[in-house]
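K.L.:
There's a structure below that I have some questions on.
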Amino acid sequence: MTKLDDLLAYEVVEGLTEGHFTAEEYVISILKRIEEVEPKVHSFITLDTEGALSSAKIIDKKIREKEDIGQLAGVTVGIKDNISTQGIRTTCASKILENYVPTYDAAVIRNLKENGAILLGKLNLDEFGMGSTTEYSRYHPTHNPWNLDYVPGGSSGGSGAAVAAGECTVALGSDTGGSIRCPSSFCSVVGLKPTYGRVSRSGLISYANSLEQIGPICRSVKDLVMILNIISGKDAMDNTSMPSSPITVPNKSNKLNVAVIKELITGSDQEVAKSVFSATEKFQEIGFSCEEVSIKNLHYALPSYYTLASAEASSNLARYDNIRYGFDYPIGEYKWDTYFSNVRENFGEEVKRRILIGSYVLSSGYYGKYYLKARRLRSLLRLELLTLFKKYDLLIGPTMPILPFKFGEKIDDPIKMYLVDVNTVIANLAGIPAISLPIGFSNGLPIGLQIMAAPFEEQKLIDASYELEKVIHIQRRPNSI
Amino acid sequence: MISKEDLEHLAQISRINLTENELEKFPKQLDKTIEYIDILEELASDDSVNLDLQELTFEELRMDEISMSDDKQLNKNITEDGFLRGPKMK
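In the order they appear, the protein sequences are chains A and B.
To convert, note that position 366 of the first sequence is 557 in the working numbering; the numbers rise steadily by one, no gaps.
To convert, note that position 28 of the second sequence is 35 in the working numbering; the numbers rise steadily by one, no gaps.
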């Protein structure tokens with residue numbers, strides 16, 4: 192029999208409903224697993240053991256009293272620490288917010304709680320979501336469960352690693368330029384960045400509002416759909432959110448037209464490209480058509496992304512002025528000119544770099560040269576992709592152009608670090624959904640396939656992922672830890 | 008090229024103090040980033056492209072109604088006569 196802590200989300204709900212175990216027994220098994228692996232993986236910033244146990248007891252009581260327990264009853268969820276949780280501190284992996292305890296739950300947290308999910312705690316990230324390795328967390332880096340000398344990806348590295356290491360059933364991440372898909376690829380789990388507007392951003396601490404979405408990271412496509420359906424929908428607190436139809440799995444799927452993006456293959460490591468080709472062959476075997484396409488404006492995507500993300504970051508992070516959030520200094524007498532600058536010295540280096548670049552591209556004289564051009568590229572790229580989606584159902588390529596790498600390899604060279612995101616930023620710029628699905632290993636290091644679809648066509652993404660998952664069995668949890 | 012003076016100016020408008028180490032290494036790093044995004048210059052300026060990906064009408068906006076959080080849960084610098092207390096400036 193599968194160990195309790197190894198169960199998938201839908202198996203947890205089934206097991207509880209059928210009385211094979213109690214929610215408390217399940218949560219205890221997960222907490223034991225955390226105790227065992229957390230000293231090696233370091234996924235969490237804050238663990239809420241008491242809260243998790245007391246939620247489990249409430250569910251068990253409801254089961255005994257035959258009350259409704261919700262669609263996610265007993266499923267343990269780790270939350271990226273930039274998503275607000277009432278009463279549980281939310282740091283964004285920043286020193287600036289080390290004591291910040293939100294007074295309200297993010298919309299997605301309310302959705303999860305209402306459906307019986309159990310919050311385990313808050314997961315590590317690069318400070319404010321800016322990074323691709325968790326090395327920019329101001330607390331500690333998270334280690335890749337597949338090889339502890341390697342980075343887990345980022346910025347939702349705590350989420351990816353915790354799911355792969357079995358420290359939670361599922362996790363939530365956020366994705367501004369690949370922050371869900373990068374760690375999903377590096378940790379051999381499934382992660383989805385939904386269409387912009389499918390999931391409410393209310394309570395997600397802003398980094399670049401026009402690009403980011405909250406999404407699930409799981410060990411199976413079926414789990415991912417369960418979470419996605421719960422967190423999707425129109426929310427009055429986020430005017431960019433929109434109603435959407437629920438996803439079904441398994442779905443009576445049609446044979447889909449897939450196009451492989453040429454530039455993403457040629458820009459990748461050989462081992463990564465090889466894996467993508469064999470996934471393409473599998474698609475053909477199951478009756479999908481596969482062709483190759485080129486995207487004309489792809490070349491400009493990453494510079495546009497860094498221009499827009501930094502510009503939005505410089506504006507969003509202006510709120511950390513130590514008046515509404517921050518350190519508890521004595522009321523004192525401070526100089527207007529230096530008070531804010533002194534406080535904001537506490538940002539980490541990468542956050543400072545992005546704020547400075549943001550200020551630069553928004554300055555008069557440079558606004559037209561960088562910011563406006565970046566926005567223009569964004570519109571052109573979206574138009575180009577929408578045209579391609581008239582002909583093809585899905586666009587695919589490697590999620591990451593490279594394999595997971597060792598700590599310290601890129602940290603001193605920002606451009607090298609930025610280039611890691613080259614394949615993933617496309618979906619954020621265009622506002623389209625994109626999933627990363629595990630498709631193989633090279634030297635024990637995971638490789639992920641990125642599948643993109645037209646806005647609100649998540650059903651097609653899921654159909655293709657579910658079919659592929661059935662024919663390529665990729666390990667989702669390492670034996671070594 | 009970003010000079011040390013440019014960097015100090017950017018830091019000042021961004022309200023960020025930089026450490027000695029950052030003042031030393033940031034000019035080169037920011038230069039490389041700006042050099043990288045310079046490629047955007049190649050793009051034509053075309054006013055016919057709609058820059059807004061999502062448009063909202065006035066009717067779609069919610070009313071800006073105030074609702075109070077539980078005071079006891081607010082974090083810091085609380086409160087005098089119902090106002091949040093901020094640092095004293097001169």
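Positions of the beta carbon are idealized from the N, C-alpha and C atoms, including for glycine.
1) Enumerated in chain order, which unbroken segments of the alpha helix (DSSP H) with a length of 4 residues or greater are wholly contained in the stretch 579-617 of chain A?
2) Note down, in chain order, all residues in the stretch 12-44 of chain B with a beta-carbon under 8 Å from any beta-carbon belonging to chain A.
3) Should Ala-504 (chain A) and Tyr-398 (chain A) be called a contact, given that it needs their Cβ atoms to be closer than 7 Å?
4) Consult DSSP for Ser-347 (chain A) and reduce its assignment to one of helix, strand or coil.
5) Anyone know if the C-beta pair for His-334 (chain A) and Val-232 (chain A) falls short of 7 Å?
6) Which class does Cys-373 (chain A) belong to by DSSP, given the choice of helix, strand or coil?
7) For a test of the three-state rule: what should DSSP assign to Met-417 (chain A), helix, strand or coil?
8) For chain B, check one thing: does any of its Cβ atoms lie closer than 7 Å to the Cβ of Ser-532 (chain A)?
9) Kindly confirm or deny that the stretch 268-275 of chain A and the stretch 300-316 of chain A touch, where touching means at least three C-beta pairs closer than 8 Å.
10) Judging by CA-CA distance, which residue of A:Glu-483, A:Val-534 and A:Tyr-496 is the nearest neighbour of Leu-508 (chain A)?
11) Apart from the five residues on each side of it in sequence, which residues of its chain come closer than 8 Å, Cβ to Cβ, to Met-124 (chain B)?
12) Drop a sphere of 10 angstroms on the beta-carbon of Gly-517 (chain A), count the other beta-carbons inside from all chains shown, and report buried for 16 or more, exposed for fewer.
13) Using C-beta distances below 8 Å, list every residue in its chain close to Ile-630 (chain A), excluding the 5 sequence neighbours before and after it, in chain order.
14) Chain A beta carbons: is any one of them nearer than 7 Å to that of Ser-96 (chain B)?
15) Which whole-angstrom value is the C-beta distance of Met-433 (chain A) and Arg-389 (chain A), which I expect to be below 8 Å?
16) Could you tell me which chain B residues have their CB closer than 9 Å to the CB of Tyr-561 (chain A), listed as they occur along the chain?
17) Whole angstroms is fine: what's the gap from Asn-82 (chain B)'s alpha carbon to Ile-287 (chain A)'s?
18) If we require 4 or more residues per run, which alpha helix (DSSP H) segments fall completely within the stretch 614-665 of chain A?
19) At the level of alpha carbons, what is the spacing between Asp-612 (chain A) and Glu-318 (chain A)?
20) Give the interface partners of Asn-538 (chain A) over in chain B, defined as CB-CB distance under 8 Å, in chain order.
21) For Glu-483 (chain A), which of helix, strand or coil comes out of DSSP?
22) What would DSSP say about Lys-271 (chain A), mapped onto helix, strand or coil?
23) Less than 7 Å between the C-beta atoms of Asn-306 (chain A) and Gln-262 (chain A), yes or no?
24) From which residue to which residue does the beta strand (DSSP E) around Lys-313 (chain A) run?
25) Since Leu-571 (chain A) and Val-56 (chain B) should fall inside the 8 Å C-beta cutoff, what is the C-beta to C-beta distance between them, to a whole number of angstroms?
P.N.:
On the basis of the data shown:
1) Taken in chain order, the complete alpha helix (DSSP H) segments of 4 or more residues contained in the stretch 579-617 of chain A are 605-610.
2) Within the stretch 12-44 of chain B, the qualifying residues are Leu-14, Leu-17, Ala-18, Gln-19, Ile-20, Ser-21, Arg-22, Ile-23, Asn-24, Leu-25, Thr-26, Glu-29, Phe-33, Gln-36, Leu-37, Lys-39, Thr-40, Ile-41, Tyr-43 and Ile-44.
3) Result yes, Cβ atoms of Ala-504 (chain A) and Tyr-398 (chain A) sit closer than 7 Å.
4) Coil, per DSSP.
5) Yes, the Cβ-Cβ distance between His-334 (chain A) and Val-232 (chain A) is below 7 Å.
6) Looking at Cys-373 (chain A) - three-state DSSP - the assignment turns out to be helix.
7) Helix.
8) Taking Cβ atoms only, chain B reaches closer than 7 Å to Ser-532 (chain A), which makes this a yes.
9) These segments touch.
10) Measuring from the Cα of Leu-508 (chain A), the nearest candidate turns out to be A:Val-534.
11) Here chain B covers residues 8 to 97 and nothing more, so residue 124 (chain B) does not appear.
12) The residue in question, Gly-517 (chain A), is buried, as its Cβ has 16 or more Cβ neighbours within 10 Å.
13) Hits under 8 Å: Ser-466, Val-467, Ser-469, Ala-470, Ile-638, Gly-639, Leu-640, Leu-659, Ile-663 and Ile-665.
14) Reading off the sequence shown, one finds Met at residue 96 (chain B), where the question assumed Ser. Closer than 7 Å: yes.
15) Confirmed, Cβ separation roughly 7 Å.
16) Residues of chain B whose Cβ lies closer than 9 Å to the Cβ of Tyr-561 (chain A) are, in chain order, Ile-41, Ile-44, Asp-45, Leu-47 and Glu-48.
17) Below a pLDDT of 50, predicted positions are generally treated as unreliable, and Asn-82 (chain B), at 48, falls in that range; no measurement from the model is reported.
18) List check, alpha helix (DSSP H) in window: 616-621 and 649-662.
19) Cα-Cα distance, rounded: 17 Å.
20) For clarity, residue 538 (chain A) is Phe in the given sequence; the question names Asn instead. Residues of chain B passing the Cβ test: Ile-23.
21) Under the three-state reduction of DSSP output, Glu-483 (chain A) falls in the strand class.
22) Three-state DSSP puts Lys-271 (chain A) in a strand.
23) It is a contact, given that the beta carbons lie within the stated cut-off.
24) Going by DSSP, Lys-313 (chain A) is part of the beta strand (DSSP E) stretching over 309-314.
25) About 6 Å separates the beta carbon of Leu-571 (chain A) from that of Val-56 (chain B), a gap short enough to meet the 8 Å contact definition.
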